[in-house]
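Under the numbering used here, the first residue of the sequence shown is numbered 275, with each subsequent residue one higher. Quick reminder that beta carbons are idealized off the backbone N, C-alpha and C, glycines included. Notes for the one structure printed next.
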Amino acid sequence: MQIIRDIAMLRRAVSALQQGGKSVALVPTMGALHAGHLSLVRMGKRVADHVIVSIFVNPTQFGPNEDFAAYPRDEDRDAALLVEEGVSLLWAPDVATMYPGGHSTHVEVAELGADYCGAARPGHFDGVATVVSKLFNQVRPDVAIFGEKDWQQLAIIRRMARDLDFALDILGAPIARDSDGLALSSRNAYLSKDQRAAAVAFPNALKAAAKAIAGGADIAETLAKAEADIVAGGFDSVDYVALADAESLERLSLFRKPARLLAAARMGKTRLIDNLAVA
Ligand code: PAF
Numbered sequence: 275m276q277i278i279r280d281i282a283m284l285r286r287a288v289s290a291l292q293q294g295g296k297s298v299a300l301v302p303t304m305g306a307l308h309a310g311h312l313s314l315v316r317m318g319k320r321v322a323d324h325v326i327v328s329i330f331v332n333p334t335q336f337g338p339n340e341d342f343a344a345y346p347r348d349e350d351r352d353a354a355l356l357v358e359e360g361v362s363l364l365w366a367p368d369v370a371t372m373y374p375g376g377h378s379t380h381v382e383v384a385e386l387g388a389d390y391c392g393a394a395r396p397g398h399f400d401g402v403a404t405v406v407s408k409l410f411n412q413v414r415p416d417v418a419i420f421g422e423k424d425w426q427q428l429a430i431i432r433r434m435a436r437d438l439d440f441a442l443d444i445l446g447a448p449i450a451r452d453s454d455g456l457a458l459s460s461r462n463a464y465l466s467k468d469q470r471a472a473a474v475a476f477p478n479a480l481k482a483a484a485k486a487i488a489g490g491a492d493i494a495e496t497l498a499k500a501e502a503d504i505v506a507g508g509f510d511s512v513d514y515v516a517l518a519d520a521e522s523l524e525r526l527s528l529f530r531k532p533a534r535l536l537a538a539a540r541m542g543k544t545r546l547i548d549n550l551a552v553a
């Protein structure tokens, strides 16, 4: 597996991989890889001839009081996992390569980025949309793969790719979960043993709420109960539990398909997100 940190070298290496009409899948990550990321890589291997993974802890998607400095980083471990998965190329630029001095352009997907995580983390999705559009232009893949755990992020990236005419397919990969149902996340590593055990309250509350809504329960009451159950289970606060149109992300007060339950909750310094289809 080639590890590349320079844009000109990346361009040459990607052209070489594409020789003979071979296709390339890009899996953008911030590292601290877990089984969820590896499932994205495996999807990439199924749909393209080569998989390129990017690792870049993107400063512009973290707020001033967020965990940019603490975000787990272990490139050697990540690279070893990617070698085992048969990844062709690791794109690992540093901050100065991604954002050279004077960088002053950003991408904002206004309509989809304002609510949910966008409201709780102002500027977050502008940072995501900007770095992902740069990754698309740097790598120029045929397909890019993102986890469905960040449902709002995926919707924003799909809209951005459509609005800006990026010539690639965007695929979403199903959420990978631990055996107790907690969605895999690099941020789970922040949880103590006791917090990790308690965190199962989050997916459990969402599962119960999704079932209740699909069964005709009152939506406002069900969402309020899910929030209360999450807090009773050991979380300190809930940023939101909402029923949304799965594509437009419009909040729904009446159930109609396709719908998605979206949620974010905080335990100590850890903020977790999750979502479920309501069917
Ligand atoms: O989902 C992530 O890990 C990040 O938001 C992404 C898409 C790699 C952009 O930095």
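With respect to 6 Å, is the separation between the Cβ of residue i and the closest non-hydrogen atom of ligand 1 below this value?
{"i": "T404", "result": "no"}
{"i": "D389", "result": "no"}
{"i": "T303", "result": "yes"}
{"i": "N332", "result": "yes"}
Find the nearest neighbour of residue i within the set the options, judged by alpha-carbon distance.
{"i": "G508", "options": "D350, F440, P396 and K467", "result": "K467"}
{"i": "P346", "options": "D503, N462, V383 and K408", "result": "N462"}
{"i": "G455", "options": "A482, A393 and F529", "result": "A482"}
{"i": "K423", "options": "R451, V406 and K408", "result": "R451"}
{"i": "V552", "options": "A538, K543 and K531", "result": "K531"}
{"i": "A394", "options": "S453, S511, R286 and E358", "result": "S511"}
{"i": "Q469", "options": "S378, L284, D548 and T544", "result": "T544"}
So residue i is in the alpha helix (DSSP H); what residue range does that whole segment cover?
{"i": "A498", "result": "I493 to A506"}
{"i": "Q469", "result": "K467 to A472"}
{"i": "Q427", "result": "W425 to D437"}
Which two residues bound the contiguous beta strand (DSSP E) that contains residue i?
{"i": "I449", "result": "Looking at the DSSP string, I449 is not in any beta strand (DSSP E), and its letter there is neither H nor E."}
{"i": "R395", "result": "Per DSSP, R395 belongs to no beta strand (DSSP E) and is neither H nor E."}
{"i": "R545", "result": "T544 to V552"}
{"i": "G421", "result": "V417 to G421"}
{"i": "R561", "result": "Given a span of 275 to 553 for the chain in the structure shown, any question on residue 561 remains unanswerable."}
{"i": "S511", "result": "S511 to D519"}
{"i": "V325", "result": "H324 to I329"}
Return yes when the Cβ of residue j is within less than 7 Å of the Cβ of residue i, no when it is not.
{"i": "Y390", "j": "L517", "result": "no"}
{"i": "A484", "j": "I444", "result": "no"}
{"i": "L546", "j": "A539", "result": "yes"}
{"i": "E247", "j": "L312", "result": "Nothing in the structure corresponds to residue 247, since the chain is present only between 275 and 553."}
{"i": "V325", "j": "V361", "result": "yes"}
{"i": "G310", "j": "I329", "result": "no"}
Can you confirm whether the stretch 321 to 339 touches the stretch 400 to 416 when touching is taken to mean that 3 or more C-beta pairs between the two stretches lie within less than 8 Å? yes
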